[in-house]
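Engineer: According to this note's numbering, the sequence shown is numbered sequentially starting from 72.
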Amino acid sequence: MILVALPNAMVVDEKKTATSSEMVRKVKARLERNPRRSGNQMAKEQKIFQRSMQRILKKKLKVKPYKFQKAHNLTPKQKKVRLERAKELLHLHERGEFPNIVSSDEKNLPIETFINSQNNGVYLTEPTYESLSL
């Protein structure tokens, strides 16, 4: 902000430096490269105030911070296939044509990385199942 004092009045000429279009382009490029970077981290890297970074993210780029959700690794398509198979097994059982099924107690245990939801988030314009599930 530049203040110019005149004899009878004071004129305020505001220059937007932190939320300028150039800074918005820089932040957008950084988000495209790594949307998991925190706003505070980006503010430090760009040497601007955290509140200015929040304004850029919220008002200019219209992105929101979302946390990852731990969920079953079933997509909507997989859920539909499971439901169809279960219904088919019920129909076979009703007709008495139920096939012999062999089952075991073996379980495939995937090794998952630990995700702290407090520390790991992502900036998105709108949340989707694929982008938020682990």
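Here a beta-carbon is modelled for each residue, glycine too, at the ideal position from N, C-alpha and C.
Tell me the rounded alpha-carbon separation between V173 and E165.
Structural biologist: Residue numbering aside, residue 173 sits at position 102 when the sequence shown is read from its first letter. Residue numbering aside, residue 165 sits at position 94 when the sequence shown is read from its first letter. Whole-angstrom Cα-Cα distance: 19 Å.
Engineer: Look at the alpha carbon of L132 and the alpha carbon of K97, and state the distance between them as a whole number of angstroms.
Structural biologist: In the sequence shown, counting from the first residue as 1, residue 132 sits at position 61. In the sequence shown, counting from the first residue as 1, residue 97 sits at position 26. The straight-line gap from Cα to Cα measures roughly 11 Å.
Engineer: Cα separation between E103 and V95?
Structural biologist: Against the sequence shown, residue 103 aligns to sequence position 32. Against the sequence shown, residue 95 aligns to sequence position 24. Straight-line Cα distance between these residues: approximately 12 Å.
Engineer: Please look up how many angstroms separate the CB atoms of I127 and T90, rounded, as I've assumed it's under 8 Å.
Structural biologist: The sequence position of residue 127 within the sequence shown is 56, counting from 1. The sequence position of residue 90 within the sequence shown is 19, counting from 1. Right, the Cβ-Cβ distance comes to about 6 Å (below 8 Å), so this counts as a contact.
Engineer: Please tell me whether N191 and R107 are closer than 8 Å, where the distance is taken between their beta carbons.
Structural biologist: As a first step, residue 191 is located in the sequence shown; it is residue number 120 there, counting from the start. As a first step, residue 107 is located in the sequence shown; it is residue number 36 there, counting from the start. Yes, the pair counts as a contact, with Cβ atoms nearer than the cut-off.
Engineer: Would you kindly work out how many angstroms separate the C-alpha atoms of L154 and T88, rounded to a whole number?
Structural biologist: For the purposes of this step, residue 154 is taken as the residue at position 83 of the sequence shown. For the purposes of this step, residue 88 is taken as the residue at position 17 of the sequence shown. Taking the straight line joining both Cα atoms gives about 56 Å.
Engineer: Give, in chain order, every unbroken run of the beta strand (DSSP E) that is at least 3 residues long and sits entirely within the region 112-176.
Structural biologist: Listed in chain order, the complete beta strand (DSSP E) runs (minimum 3 residues) inside the region 112-176 are 135-138.
Engineer: Pull up the distance between the alpha-carbon of L156 and that of T199, whole angstroms please.
Structural biologist: As a working note, residue 156 is residue 85 in the sequence shown. As a working note, residue 199 is residue 128 in the sequence shown. First, the amino acid is wrong: residue 156 is Arg here, not Leu. Each residue's alpha carbon lies about 26 Å from the other.
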